[in-house]
Structures are given as structure tokens and as C-alpha cells.
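Novice: Protein chains in written order, with the working numbering: chain A, -9 to 356; chain B, 388 to 937.
(1) Got a sec: is the Cβ-Cβ distance from residue 916 (chain B) to anything in chain A below 7 Å?
(2) Quick one: grab the DSSP three-state call for residue 559 (chain B).
(3) Quick one, which residues of the region 166 to 192 of chain A are near chain B if we go by CB-CB under 8 Å, in chain order?
(4) Using DSSP with H/G/I as helix, E/B as strand and the rest coil, what is residue 598 (chain B)?
(5) What first and last residue would you give for the alpha helix (DSSP H) that runs through residue 704 (chain B)?
(6) When the distance is taken between beta carbons, is residue 676 (chain B) closer than 7 Å to residue 742 (chain B)?
(7) Hey, residue 514 (chain B) and residue 525 (chain B) are a contact pair by Cβ (cut 8 Å); roughly how many whole angstroms apart?
(8) Using a 10 Å radius around the Cβ and a threshold of 16 neighbouring Cβ atoms, would you call residue 898 (chain B) buried or exposed?
(9) Decide if residue 938 (chain B) is buried, meaning its Cβ has at least 16 other Cβ atoms within 10 Å, or exposed.
(10) Looking only at its chain, what residues have a beta carbon closer than 7 Å to the beta carbon of residue 416 (chain A), apart from the 5 residues adjacent to it on each side?
(11) Could you check whether residue 808 (chain B) and residue 825 (chain B) sit closer than 7 Å to each other, using their CB atoms as the reference points?
(12) Would residue 165 (chain A) and residue 912 (chain B) be called neighbours here (beta carbons separated by less than 7 Å)?
(13) So with CB distances below 7 Å, who are the chain A contacts of residue 908 (chain B)?
(14) Would DSSP call residue 774 (chain B) helix, strand or coil?
(15) Quick one: what's got a C-beta closer than 7 Å to residue 649 (chain B)'s C-beta in the same chain, skipping five residues either side?
(16) Assess contact between the region 847 to 854 of chain B and the region 653 to 665 of chain B, defined as three or more Cβ pairs (one per stretch) separated by less than 8 Å. Is contact present?
(17) Just list the alpha helix (DSSP H) runs in the region 765 to 828 of chain B, keeping only unbroken ones of 4 residues or longer that don't cross its boundaries, in chain order.
(18) Quick one: give me the first and last residue of the beta strand (DSSP E) that residue 242 (chain A) is part of.
(19) Within the chosen definition, does the region 32 to 50 of chain A reach the region 214 to 225 of chain A through at least 3 CB pairs nearer than 8 Å?
(20) Secondary structure at residue 93 (chain A), three-state DSSP: helix, strand or coil?
(21) For residue 147 (chain A), which beta-bridge partners are listed by DSSP?
(22) Verify the CB distance criterion: does residue 158 (chain A) have a CB-CB separation below 7 Å to chain B?
(23) Using only CA atoms, which one of B:918, B:908, B:928, B:920 lies nearest to residue 654 (chain B)?
(24) Just the Cα atoms here: how many angstroms apart are residue 671 (chain B) and residue 927 (chain B)?
(25) Here's the rule I'm using: 16 or more other beta-carbon atoms within 10 Å means buried, otherwise exposed. How should residue 14 (chain A) be labelled?
(26) Could you tell me if residue 115 (chain A) is buried or exposed, where buried requires 16 or more neighbouring beta carbons within 10 angstroms of its beta carbon?
(27) With DSSP run on the structure shown, which of helix, strand or coil describes residue 762 (chain B)?
(28) Could you name the residues of the same chain whose beta carbon sits closer than 7 Å to that of residue 184 (chain A), not counting the 5 residues immediately before and after it, in chain order?
(29) Flag residue 161 (chain A) as yes if its beta-carbon sits less than 7 Å from any beta-carbon of chain B, otherwise no.
(30) According to DSSP, is residue 189 (chain A) helix, strand or coil?
(31) In chain B, which residues lie less than 9 Å from residue 148 (chain A) when you measure between Cβ atoms?
(32) What do you get for residue 774 (chain B), buried or exposed, if any count of 16 or more other CB atoms within 10 angstroms of its CB means buried?
(33) Counting only the same chain and skipping the five closest in sequence on each side, list residues whose C-beta sits under 8 Å from that of residue 193 (chain A).
(34) List the residues that DSSP assigns as beta-bridge partners of residue 503 (chain B).
(35) Could you check the C-alpha separation between residue 640 (chain B) and residue 596 (chain B) for me, to the nearest Å?
(36) Answer with yes or no whether the minimum CB distance from residue 328 (chain A) to chain B is below 7 Å.
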């Protein structure tokens, strides 16, 4: 099968993905119109609150896709993906903090407020460069990638697998949370970063900026989907799935299992970091509690509910579960944890392939 | 009939007459005591001092209580009948105070604070009262009371106090009290001018490595603002410097022992939390993320048991241990039968499902007990400190946790090694098919194993309720640490869990002074992550056929 035909075939054989990308692009066009041009009195008007909420869901969907790539396709259950997400978010947050400039409470043109509050007289070295958007975006990609690379290299090389790996990733995320809670780390302690003013000169509180962020998120998610799809539909993707199903056999067949796992893991961490970077300007805050192990585990349940091993399932699961969360925490706050807990139990017991498992064609296409 | 009634009346009259006339003849000690108390109401501060001396000289058994109450601002009189009372607390801001009869020391009801007038003291009076109370205590037959009195006097030792100690030193027989008095005498000798006596005092004090002694000796080495020494005598300075450095060395040593003990007690908590997990995870290969919540159930059981028997806090802990074992064990069996048994061989799914259960359990206790932390009282026999030497104090609750962990560990080890259930558990975990062929009901063994592990978690919860807040998040904060301990020690190995937990506790406490508690913990976590890279199966890996199935 030559390259052209293979690419063509992957699009043709992926009607779900095509409709997902189509849906995302349609949303990227329609939602801004419904927000900006349709009057607020109309039933079709999309409020900025709703727009930001959907944007948040799309960030979560991207994170879920990252987890699905390593868990659903490669069999690595990461309970620490929130760490990569949060690191990306912090990198974006650092840029946004530098953008505040002299408009902070203390009016210091260089130092963010919390550093003035801690009586620091100069910027720590790791804050250099974050006033440039390009550098910050590079860090959004590089920092999670580097952490994933080091951790993954150590873990996969010594063949830490299965549950052990899950617990290690969880411990990693937990250690990061403890570290970022410390004021001395230079990341704002338990308050984290907030009170952002603008991004690339655009006021973050303006509706138009939020619309642009929404469009960027939708497009990024569509691109992420295409990238993941390209990986999973490729030859490497088949090796990755082989590792999930029979790691030792794949190794004995001569594939370098560790490398495949490592690069999948790193790519997934980068996706999570980008999702975090898109998330922060939309919600307007980032703090160490985002590292909490429960967040990582929640992502896993989004994927499980949607159907692991299907990228569309991850997106659907993230949106559905988060919509349920928004609904329950608003209407019946006490019930939410019961519902989430029940979701964990029932999906694993009765829906091992998630919602996508209910659709016969999608499950065959695995 | 009438005669008899009249006769009885006569007897009563006579009796009453006798009873009434007695006090008039001679005042009983109690009467005199109450009379002196009455005088306190109106007396000037100088007169109060006189009355205090009189009370002491009377050797009345309650004089001590009354004088210490006066010292603590707990002596009041009631405006309505001028009766003097001791109050249980000193709080003048409270709306009402609980009263105690000064003669019988029995409860005498309570009274609104407005209706009471405090019998006041001034500094001079308090000083002499303190000496008076100490003098009283020094004569107490109980050496513990005498020791406490001397310790109290050492806090602010003045000339009269030193004189009192000197007087007491001649008659004291208890070695502990005598040693304490010697410290006091040596400290007061430092203030003197006689150089040989001061040198002797310094060399005596050098063997007592306590903060107070060190501070007093260090004062001798201070300099005036103009650079000259406060202490003019060079030989005294040299002796003091030597003594201070000797004390510092001793304190460092004791500090090391203390850190080791803190590490052991923290390690015990980790072991307690992890050992149930070592069974469910290690022996059965089941990842139970709800393990922390089973501990939480144990802690809440302790709370419920205490509220059921508020009069017997001391015994409630002993009742709570089996109760928590049963509650958590039962929850574990239900969990195993209803969920986990469908997921054997799928560890990642088990992890997710049990995580869901943990969320439900957390919300359940929030619904029942609200989200607020619950107060679990520490029984009297578990509070307080054990003083070993001058510089080493060990709190009883930490000590008991260490002992308790050892007992639980020993019992668990015995159950696994010596009982039929233990034999079956080991058989099923090593080779399920073969065990079934031998007639072992493996399903029943699974449920019992899980129940055992969960029950131990409940017992750990009882211990945790004595150390931390009992709230819905209690379990979450321990789950990662517990997994770390099991993974570090080596899955399927109880000894590994013990050694892993203890060494993690000690390393944590060793790092704490240099890195702070949080950073120390981060170091330990990162070190563990690195450790697992080089030994993926922990400190004590399982060997043989069972290891293959993991």
C-alpha cells in the first residue's frame, strides 16, 4: 500500500473521525456567530459563559485523548496525566503573569505580585523568557515532554509495567503537587496564578478574546485528533496496539518496545500540556490542586466511559462526564460523588468498552 | 402509745441538744478551716498572707487545694450566703462557673459568674503562696508530687525557694527528687560569689543536658556591649564553656535518638496503613484504591463507639479495635463479593472500580456525619509524655502506636503462617487451580482474605483517629503513601512492608530538619520512583512460581 492510498484509506475508513473533525470545525464557525451576531434575546444565542464552558470541555477532551492514546492504545494506565496538563497550564500562566506587568496590586513592572509579597528582589532564572509568547509556547510543549521523557525513559527501560507504573505516575503527580504548594518554588504557592489581564495584547475579559480562544481550542482539538489518528492508523500504531495486547511477544518479534512506549508517552504528554495551556486563559486560574491525583483518575474515567481505544470515545466521554458534573454540582451537589463513583463501578463492570462499545461498527473498527 | 411517742420525742430533743452544743465547746478543725476561709473574703493582701500561713500550719487536708485555687484565681465567694467555693475553671468570662465545696471537694452545683466574687491576689501574695504550696507539696508522701513541686520551683528560683530546697535536701530520700533538688541548689549556687562552690555547681550541672540548665550556663559566657565578659572569673568561664559544649553534645545525641523514635512512630503509621494493603495487593494482586476509605471507616467507628460510651473513653478504644475490624472487614467482604470478584485478572479495571467505591464511601460519611472533622478523644492513659533522662521526652500516644503496630503485625503474621485460613490463603495465592483441586473453596478464601486485609485497614483507622483529624478525606491522604510502602517493600512480603514502612518513616524524619516536612516527603517520593527503576519488584522480591503470575 503506497503512501497516498494509505492516507486516503485512513480517512475513508474513519467516518466517525471525519464527522468529529467536521463537527469541531463547524462549531468553531457557528458558535462564535451565535455568540457575537445573534442577539442575546434569541433562543439560538450562545452566552459567553456557555462558550467558555464548551471551550473548557474541549480542553478536557484533548486531555482525555492524550490519556486514551497511552492507555487505550498502548496499555499504559497513566494516573499522572494531570501533571502534564498542569505543567502546560503553568507555562501559559507564567506568560500571562508576565503580561500583567505594572498593573498588579503592587505595581511592580517585572515581578508578579506574589514575588513582591514574598519580598523577592529579582525574577528567578526559570522565569526568564516567559514574557515572550513564542518562548512560553515552546515551554508548553517542552516541559511536559521533558518530564515524560525522563520519567518514561527510566520506567520503560527497567520494564516497570501495569499497576506499578500506574502507582508511580500517581506518586509523580502527587510529588509535583506537594512541590508546587510550596511558596519557595516560585510558582505562587497554593494560590497559583490568577488575575490575568491579557494575552498577546487582547483583553482576556472581552468576549471577542474568549471567542478566539474557543476557536483556537476547537481547531487544536481537531488537529490533535488528526495527529493521533495518523499515529494509530500508521504502522507504528499497529505496533503500539500489539504492545498493549502482548508486550513480550512484540518484543520477541524484534520491535523496540521501550522506544515505542516512550515516544507515545511523550507525545501524549505534549498533547496534555497543550490542552492545559488552552485551558488556563479560559478559566483564568491555575493552582497546584490541578495536580491532585484525583484529577488524573477522573480523566481515566472519562476515557473509560467514552470507550478506550477509540479516540472519538475519549472526546465523547470527556464532554459527557463533564456535562454531567456541571449539571450535578449545580443541581444536586451531594449526589455528584455518588454518581461519579457509580460511573466508575458500572462502566468497569458492565461497559468495559464504554459508550463506543455500544455502537457495533465503531467497536469492530478497533 | 402516747407515752411512747412522747419518749421518742424527748430522745430526739436530747440528741439535738448534744449535737448543737458540741461546737460551742471546742471548734473542730473543719470549723476553724471554714472560719479562716471566711476571713479571706475581707482581708487585705498582707492579712491574706497571714491567713495562708495559718491554713498551712493547721495541717488541714484541704489547705493545699484551697491555696492552689487561690493561686490560680479559682477561689470565689457567693454574694448570697458568703460561702467560699473553689471553681473548676478560672474563666471569669464564662457565664457561669461550676463550684466545688472546699471542705468535701464535691460538686456544689454551678452559679452565674455575676453572683460570685473572686478572692483576689497580688504578685507578692502569689509569690509567697507559691512557696507555701511548694512547701506543702515537698512534704507530700508521693514522690511524684514532690518531683513536680521541685520542677515547678526551678522555673523561677529565688532565694527563699533555694532556702526551702536546701532544707528539703537533708531529708529527701527519693533519688529522683533528690537529683532535681541538687540541680536547683547548683543553679542557685551559680549566683553566689564562692568560686569553688560555683565550679562544683558547674561540674554538677554539666551532667544535666536540659535546655534550662544550658541557658543558665550560657549566660556565664555572655559579653557586655563593651566587649568585656559579664562573668569576670576566668576559671568559671572556662568551666562553663566546657559544660555547655558537653551538654550540647549530649543533646545532639538525644536529639538523634528522638528523631529515630519519631521516624519509627511515623513508620508505624505507614506500616499500619500499608499492611492491610500488603494482603489485598500483595497476596491477592488486587489494587484496592478504597483501602484508605476502609481506614476512614475504622476511624469513624472509633468516633461512634466513643459517642456511645462517653463515660468510658479509656475503654472505648479497646472496644473500637474489634468493632472497626468488623465494620471495615464486612465492608471489604461486601466489596469483594459484589465488585472485585468479577474483575480478577484485570488489575487496571479493579483499580478504577475500587476508586469509584472510594468516592462513594467518602460521600457516604459526608452525608451521615457532615463534611466537618469529628473529634475523637484521646484516652487519659494514652496522653502525656514519658520522660527518659533530662533531654528525652516520648509521648505516650506515639509509643503506643509503635507497640500496637508490632502487635498487629505479629498477629497477622501468625494468622498467615499458623492458621488453616492462612495456609489456604497462601495456597490460593500461589496456585489457584491446584488449591481448588485440593478441595479449598477458593471463592470463600478470596472473600476472607479481602475481609482480613480490609479489617486491618479498619484497625489502622482506630490508630489514625488518635493522631489526625477524622474527616472524609482521611483515607485519601494515606493511600499513596501506603502503596509506596508496599511497592518499596516488595509485593507479597509482609516483612518487606514492615521494613519498607519503618525505613520510609525514619528517612522522612531524618530529612525533615534539613529540607522541611514537605520537601522531605517529595525527596522520599522521588527517591522511591528512582528506586523502583532499579528494583522493580521492591526490596524483597517474591521468588519462585508465584512471582511469574504477577
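Positions of the beta carbon are idealized from the N, C-alpha and C atoms, including for glycine.
Specialist: Concretely, from the data shown:
(1) yes
(2) coil
(3) Against chain B - using a Cβ distance shorter than 8 Å - the residues of the region 166 to 192 of chain A are 168, 169, 171, 172.
(4) helix
(5) 700 to 725
(6) Cβ distance < 7 Å, so residue 742 (chain B) and residue 676 (chain B) count as in contact.
(7) No, residue 514 (chain B) and residue 525 (chain B) are not in contact; Cβ-Cβ is about 16 Å, not under 8 Å.
(8) buried
(9) In the structure as shown, chain B starts at 388 and stops at 937, and residue 938 (chain B) therefore has no counterpart that could be examined.
(10) Since the first residue of chain A shown is -9 and the last is 356, residue 416 (chain A) is not available in this structure.
(11) no
(12) Taking 7 Å as the cut-off, the Cβ atoms of residue 165 (chain A) and residue 912 (chain B) count as close.
(13) 168
(14) Here residue 774 (chain B) sits in strand by DSSP.
(15) 896
(16) yes
(17) Entirely contained in the region 765 to 828 of chain B, the alpha helix (DSSP H) runs reaching 4 residues are, in chain order, 783 to 805, 807 to 817, 819 to 824.
(18) Run containing residue 242 (chain A): none in the beta strand (DSSP E); it sits in the alpha helix (DSSP H), 237 to 242.
(19) no
(20) Three-state result, residue 93 (chain A): helix.
(21) In the DSSP secondary-structure assignment, residue 147 (chain A) is not bridged to any residue.
(22) Yes, its Cβ sits closer than 7 Å to a Cβ of chain B.
(23) B:908
(24) 17 Å
(25) buried
(26) exposed
(27) Coil at residue 762 (chain B), not helix or strand.
(28) 274, 275
(29) yes
(30) strand
(31) 919, 920, 921, 922, 923
(32) exposed
(33) 187, 199
(34) B:465
(35) 10 Å
(36) yes
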